[in-house]
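Residue numbers (the working numbering): 361 to 752.
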């Protein structure tokens, strides 16, 4: 368009001679017209030229920008591949540090602890004695000796609600069953930590458990006699007094039981660490034992009492964190052990869900039934995991 500027000038050269016969006045007027038109004619091609040049430049600029974007993407693709490779392999190149950091934020990786030198025969013998004692205490406390106070509390709850008592249909355990059946082994506890008072602490807790259980048994028998004696008319005063006394003794029993179990669990966990120093699943066993201990304490506490929902916050948080960590640990021993390990974690999550449900709905009969059923299943999964480890 710019090259046609001379074509616009040519017609005006023949226009002026054709106007010469006209009058001077008209000529003077018309002489100014070519100048005005010429200026206008020059302005239009120049504007059009500028528009076309701008459009062409814009197209060229857009094309160049697109080409540069394609080139940048082509150059970036190999670098992104290198960054991803560095993020996965753990390399820390200068250009790949951000990519590696971003990947680390998205993918949680929990490292296993380094294996330690194997324990000496003496250490293994002491550790095995502690583990055996912990297993024995679990069996005894799960029998009538440990469970009788819970039966009594069930009878107390029945009386408070319906003014009748329950006959359990079984003979009560001996007055000193805990102390006799769970006498701590000598010169075993505290050998690694130097705490020589552990044995005395366990004995004291066992004595308190026996004493409070026997107190509960005697008061419950009085309560049953009171209900059966129709000659007593006191509007339930004695019955309420006996229930209050039983509940007070139960709180003392539960406190001694918690103290005993916590100490035994801590010592058993330490003993397990000693026995598994060079075992590839030491971290897994440690977490499983910790979760079992936490779940058992909460299940025992919830079996007979309605807890304050706020008191469950910390156990729920701790159990949730332990499960999350256990699920993300690498498992270097596939096969049966891993299968039972995953099944136990599934059961632990089910227990966590029941705790949360009870916290929201209260631990009514339906929740308690689910709690007992799932806890029994969870114990079975734990035993299966331990047995699978023993077979490897």
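Where a beta carbon is used, it is the ideal one built from N, C-alpha and C, also for glycine.
Computed from a prediction, not measured in an experiment: that's the story for all the values here.
So residue i is in the alpha helix (DSSP H); what residue range does that whole segment cover?
i	result
residue 675	673-688
residue 519	504-522
residue 539	537-541
residue 638	Where residue 638 is concerned, there is no enclosing alpha helix (DSSP H), given that its DSSP letter is neither H nor E.
residue 740	725-751
Check this for me: beta carbons of residue i and residue j, under 8 Å apart or not?
i	j	result
residue 569	residue 510	no
residue 683	residue 738	no
residue 486	residue 562	no
residue 711	residue 484	no
residue 535	residue 566	no
residue 693	residue 640	yes
residue 689	residue 472	yes
residue 705	residue 721	no
residue 572	residue 616	yes
residue 741	residue 700	yes
residue 545	residue 614	no
residue 745	residue 697	yes
residue 493	residue 583	no
residue 685	residue 723	no
In three-state DSSP terms, what is residue i?
i	result
residue 669	helix
residue 474	coil
residue 526	coil
residue 549	coil
residue 556	coil
residue 715	helix
residue 589	coil
residue 480	coil
residue 649	helix
residue 594	coil
residue 532	coil
residue 722	coil
residue 697	helix
residue 620	helix
residue 704	helix
Could you check the C-alpha separation between residue i and residue j for me, to the nearest Å?
i	j	result
residue 528	residue 718	28 Å
residue 503	residue 726	24 Å
residue 760	residue 508	Since the displayed the chain opens at 361 and closes at 752, residue 760 lies outside it and no answer follows.
residue 708	residue 501	22 Å
residue 691	residue 495	26 Å
residue 541	residue 530	20 Å
residue 672	residue 628	25 Å
residue 618	residue 657	7 Å
residue 514	residue 607	11 Å
residue 730	residue 713	10 Å
residue 735	residue 659	7 Å
residue 747	residue 680	25 Å
residue 599	residue 676	37 Å
residue 644	residue 743	14 Å
residue 611	residue 716	24 Å
residue 574	residue 650	31 Å
residue 603	residue 580	8 Å
residue 593	residue 560	47 Å
residue 666	residue 474	43 Å
residue 626	residue 550	11 Å
residue 533	residue 505	6 Å
residue 749	residue 703	14 Å
residue 482	residue 609	41 Å
residue 516	residue 589	17 Å
residue 557	residue 548	11 Å
residue 595	residue 586	12 Å
residue 652	residue 524	36 Å
residue 695	residue 751	12 Å
residue 605	residue 597	13 Å
residue 491	residue 478	17 Å
residue 512	residue 578	10 Å
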